[in-house]
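*Asks:* As given, the protein sequences belong to chains A and B, one line each in that order. Going letter by letter, the first sequence gives residues 0 to 243 in numbering that gives the first Met the number 0. Going letter by letter, the second sequence gives residues 0 to 243 in numbering that gives the first Met the number 0. Ideal Cβ placement from N, Cα and C applies to all residues, glycine included.
2 protein chains.
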Amino acid sequence: MKNIKLTIEYDGKDFNGWQKQPNKLNIQGEIERAIEEVTGEKVDLIASGRTDAGVHALAQSANFKTNSNIPVEKIPVALNTKLKKSIRIQDAKEVEEKFHSRYNCKQKTYKYIINNGEQGTAIYRNLEYFIPTKLNVEKMKTAINFFEGEHDFKGFKASGTSSKSSIRKIYKTKVEKDGDRIIIQLTGNGFLYNMVRIISGTLVDVGLGKIDPEKIPEIIESKDRTKAGKTLPPYGLYLVKVEY
Amino acid sequence: MKNIKLTIEYDGKDFNGWQKQPNKLNIQGEIERAIEEVTGEKVDLIASGRTDAGVHALAQSANFKTNSNIPVEKIPVALNTKLKKSIRIQDAKEVEEKFHSRYNCKQKTYKYIINNGEQGTAIYRNLEYFIPTKLNVEKMKTAINFFEGEHDFKGFKASGTSSKSSIRKIYKTKVEKDGDRIIIQLTGNGFLYNMVRIISGTLVDVGLGKIDPEKIPEIIESKDRTKAGKTLPPYGLYLVKVEY
Numbered sequence: 000m001k002n003i004k005l006t007i008e009y010d011g012k013d014f015n016g017w018q019k020q021p022n023k024l025n026i027q028g029e030i031e032r033a034i035e036e037v038t039g040e041k042v043d044l045i046a047s048g049r050t051d052a053g054v055h056a057l058a059q060s061a062n063f064k065t066n067s068n069i070p071v072e073k074i075p076v077a078l079n080t081k082l083k084k085s086i087r088i089q090d091a092k093e094v095e096e097k098f099h100s101r102y103n104c105k106q107k108t109y110k111y112i113i114n115n116g117e118q119g120t121a122i123y124r125n126l127e128y129f130i131p132t133k134l135n136v137e138k139m140k141t142a143i144n145f146f147e148g149e150h151d152f153k154g155f156k157a158s159g160t161s162s163k164s165s166i167r168k169i170y171k172t173k174v175e176k177d178g179d180r181i182i183i184q185l186t187g188n189g190f191l192y193n194m195v196r197i198i199s200g201t202l203v204d205v206g207l208g209k210i211d212p213e214k215i216p217e218i219i220e221s222k223d224r225t226k227a228g229k230t231l232p233p234y235g236l237y238l239v240k241v242e243y
Numbered sequence: 000m001k002n003i004k005l006t007i008e009y010d011g012k013d014f015n016g017w018q019k020q021p022n023k024l025n026i027q028g029e030i031e032r033a034i035e036e037v038t039g040e041k042v043d044l045i046a047s048g049r050t051d052a053g054v055h056a057l058a059q060s061a062n063f064k065t066n067s068n069i070p071v072e073k074i075p076v077a078l079n080t081k082l083k084k085s086i087r088i089q090d091a092k093e094v095e096e097k098f099h100s101r102y103n104c105k106q107k108t109y110k111y112i113i114n115n116g117e118q119g120t121a122i123y124r125n126l127e128y129f130i131p132t133k134l135n136v137e138k139m140k141t142a143i144n145f146f147e148g149e150h151d152f153k154g155f156k157a158s159g160t161s162s163k164s165s166i167r168k169i170y171k172t173k174v175e176k177d178g179d180r181i182i183i184q185l186t187g188n189g190f191l192y193n194m195v196r197i198i199s200g201t202l203v204d205v206g207l208g209k210i211d212p213e214k215i216p217e218i219i220e221s222k223d224r225t226k227a228g229k230t231l232p233p234y235g236l237y238l239v240k241v242e243y
């Protein structure tokens, strides 16, 4: 029995998220179908974590076990010929039997792309969030630092979701300006449902002058969803990498 | 009567090219409709030149004459609210009465984006041409230099098209590698129908080792379409800028 780890890129716009669900196009289900077509086996494909409907991945990680003897280096092309072009298997490698994409994940990096130009963009309209009001990037840079470290992010998750614990550790943060674009990047040991999109929405409020950067620690400590900013739309969000 | 010059970005995938034609979605027709909705006037929108079905523009130039007294700085937002999101008016300015987007154009720059990674890309699949076979970029760099200068590009235009002259002058060329991407860029006083896509296809043949870089002058001089490479697909091509 081989354990195969895939690195997967996808365009979230075309899917109702990673997770398998009946009658809704989803990434997990599509790849499991492709694996079955290639190997003849029904497998469970375990990702580092779900991504929501509309969220993109540059490099999601997922693993599955197989008795197939297809050479591992042939797996990406074999699966890609069975998949829609909005999913690409970028890499496959054999990992040790006990490797588990979710349990063994050490850290993940997400980025959120904001277009802060005057008119937005035609070509990249499905790949970034457009807001024409000029944002104060320096204030956003100050604010994002307060998210680093271990915190209870209860106020930064979608209401109505139940996770055992809402404590997460953020290792690294960055706000970058690249022409008309503002890129928010966060690396942490895990992220709650909608957490990156709510942090990004809160940073937009900081950039708009609605929230003072120095208020961030207070907002985090309040654990009150209503104190944080709005949830930005999924199509600006990218899972950048997963590290083990 | 004011003469207004627009700078326009569009996602070519959604349109049957720039030019107005009945029953086919086209960029010129869409913008003329938006101008009529905003000003109440039927106008002729004159572009620097047509782009074909599927070709993108980062900054097409086009002008129209109007008696409307809408302030010029309000025109982009006014038109954008009437347009599909796959067209964005990035800028508008008043120019002198005799300015003509096509006749006064001094030079245009196009780029063609090739993805030369192993599996292609999900997220940018409609924005670049994918070829998995490794291309020799150094040979492509040598080859593109031979296109510079004034030449009769009869062999590098779509057959069956009639233009008065097929002599064009190319001022600047570049082949760049950026990760998995190879970007071909050409600046010239004008380009024939499909010319950039045929030059790019010829450079791909050079990169594949099918055409020797040193043969390019001979291929140009032959004026024979069958000696050049194939026409690459439109979705990798971008009109980058138009200069006056």
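In chain A, which residues lie less than 8 Å from Leu126/B when you measure between Cβ atoms?
*Replies:* Position 127 of the second sequence, counted from the start, is the residue given in the question as residue 126/B. Chain A residues near Leu126/B: Ile122.
*Asks:* Taking the alpha helix (DSSP H) that Glu217/B belongs to, which residues open and close that run?
*Replies:* Here residue 217/B refers to the residue found at position 218 of the second sequence. Element bounds for Glu217/B: 215-221.
*Asks:* Rounded to the nearest angstrom, what separates Lys4/A and Ile86/B at their Cα positions?
*Replies:* Locating residue 4/A in the first sequence gives position 5, where the first residue counts as 1. Locating residue 86/B in the second sequence gives position 87, where the first residue counts as 1. Spanning the two alpha carbons is a distance of roughly 40 Å.
*Asks:* Please check if any C-beta of chain B sits within less than 8 Å of the C-beta of Glu72/A.
*Replies:* Numbered from 1 along the first sequence, position 73 holds the residue referred to as residue 72/A. Not one chain B Cβ lies under 8 Å of Glu72/A.
*Asks:* Helix, strand or coil, according to DSSP, for Lys1/A in the structure here?
*Replies:* On the first sequence, position 2 is the one that residue 1/A refers to. DSSP places Lys1/A in strand when its eight states are reduced to three.
*Asks:* Using 8 Å as the threshold, is the segment 197-208 of chain B in touch with the segment 138-147 of chain B, meaning 3 or more CB pairs across them?
*Replies:* Segments in contact, yes.
*Asks:* Counting contacts by CB-CB distance shorter than 8 Å, is Glu8/B in contact with chain A?
*Replies:* By 1-based counting over the second sequence, the position of residue 8/B is 9. Judged by the 8 Å Cβ criterion, Glu8/B is in contact with chain A.
*Asks:* Looking only at its own chain, which residues have a Cβ that is under 8 Å from the Cβ of Ser60/B, when we skip the five neighbours before and after it?
*Replies:* Stepping through the second sequence from its first residue, residue 60/B is reached at position 61. Taken in chain order, the residues that qualify are Lys4, Leu5, Thr6, Ile7, Ala46, Ser47, Ser100, Cys104, Val241, Tyr243.
*Asks:* At a Cβ threshold of 8 Å, is Ser85/B touching chain A?
*Replies:* Taking the first residue of the second sequence as position 1, residue 85/B is located at position 86. For Ser85/B, the answer is yes, since a Cβ of chain A falls inside 8 Å of its Cβ.
*Asks:* Grab me the residues of Lys226/A's own chain with a C-beta within less than 7 Å of its C-beta, minus the 5 sequence neighbours each way, in chain order.
*Replies:* On the first sequence, position 227 is the one that residue 226/A refers to. Gly154, Ile218, listed in sequence order.
*Asks:* Looking at Tyr123/A: is its Cβ nearer than 8 Å to the Cβ of Ser199/A?
*Replies:* The residue given as residue 123/A occupies position 124 in the first sequence. The residue given as residue 199/A occupies position 200 in the first sequence. No; because the gap between Cβ atoms is not below 8 Å, this pair is not in contact.
*Asks:* Could you please tell me which residues of the segment 48-80 of chain B, in chain order, have their CB closer than 8 Å to any CB of chain A?
*Replies:* Listed by position along the chain: His55, Leu57, Pro75, Val76, Asn79.
*Asks:* Give the straight-line distance between the Cα atoms of Glu127/B and Ile181/B, rounded to the nearest whole angstrom.
*Replies:* Here residue 127/B refers to the residue found at position 128 when the second sequence is read from its first residue. Here residue 181/B refers to the residue found at position 182 when the second sequence is read from its first residue. Cα to Cα, Glu127/B sits roughly 10 Å from Ile181/B.
*Asks:* Quick check on Thr65/B: does DSSP put it in helix, strand or coil?
*Replies:* Residue mapping note: residue 65/B aligns to position 66 of the second sequence, counting from 1. It is a strand residue.
*Asks:* Gly28/B touches chain A at which residues, Cβ-Cβ below 7 Å?
*Replies:* As a position in the second sequence, residue 28/B is number 29, starting the count at 1. By Cβ distance, chain A contributes nothing, its closest Cβ being about 16 Å from Gly28/B, past 7 Å.
*Asks:* What's the C-alpha gap between Gln18/A and Asn15/B?
*Replies:* In the first sequence, the residue the question calls residue 18/A occupies position 19. In the second sequence, the residue the question calls residue 15/B occupies position 16. C-alpha separation (whole angstroms): 36 Å.
*Asks:* With distances taken from CA atoms, which of Lys163/B, Val136/B, Ala157/B, Arg167/B is nearest Asp151/B?
*Replies:* To locate residue 151/B, count along the second sequence from 1; it is residue 152. Asp151/B has its Cα closest to that of Arg167/B, out of Lys163/B, Val136/B, Ala157/B, Arg167/B.
*Asks:* So that I know if they touch, is there some Cβ in chain B lying closer than 8 Å to that of Gly206/A?
*Replies:* The count along the first sequence starts at 1 and reaches residue 206/A at position 207. Not an interface residue.
*Asks:* Within 10 angstroms of the Cβ of Asp177/A, are there 16 or more other Cβ atoms? Answer buried if so, exposed if not.
*Replies:* Locating residue 177/A in the first sequence gives position 178, counting from the first residue. Exposed, by the Cβ-count rule.
*Asks:* Determine whether the Cβ of Gly119/B lies closer than 8 Å to any Cβ atom of chain A.
*Replies:* Working through the second sequence from its first residue, we reach residue 119/B at position 120. Yes, Gly119/B lies at the interface with chain A (some Cβ there is under 8 Å from its Cβ).
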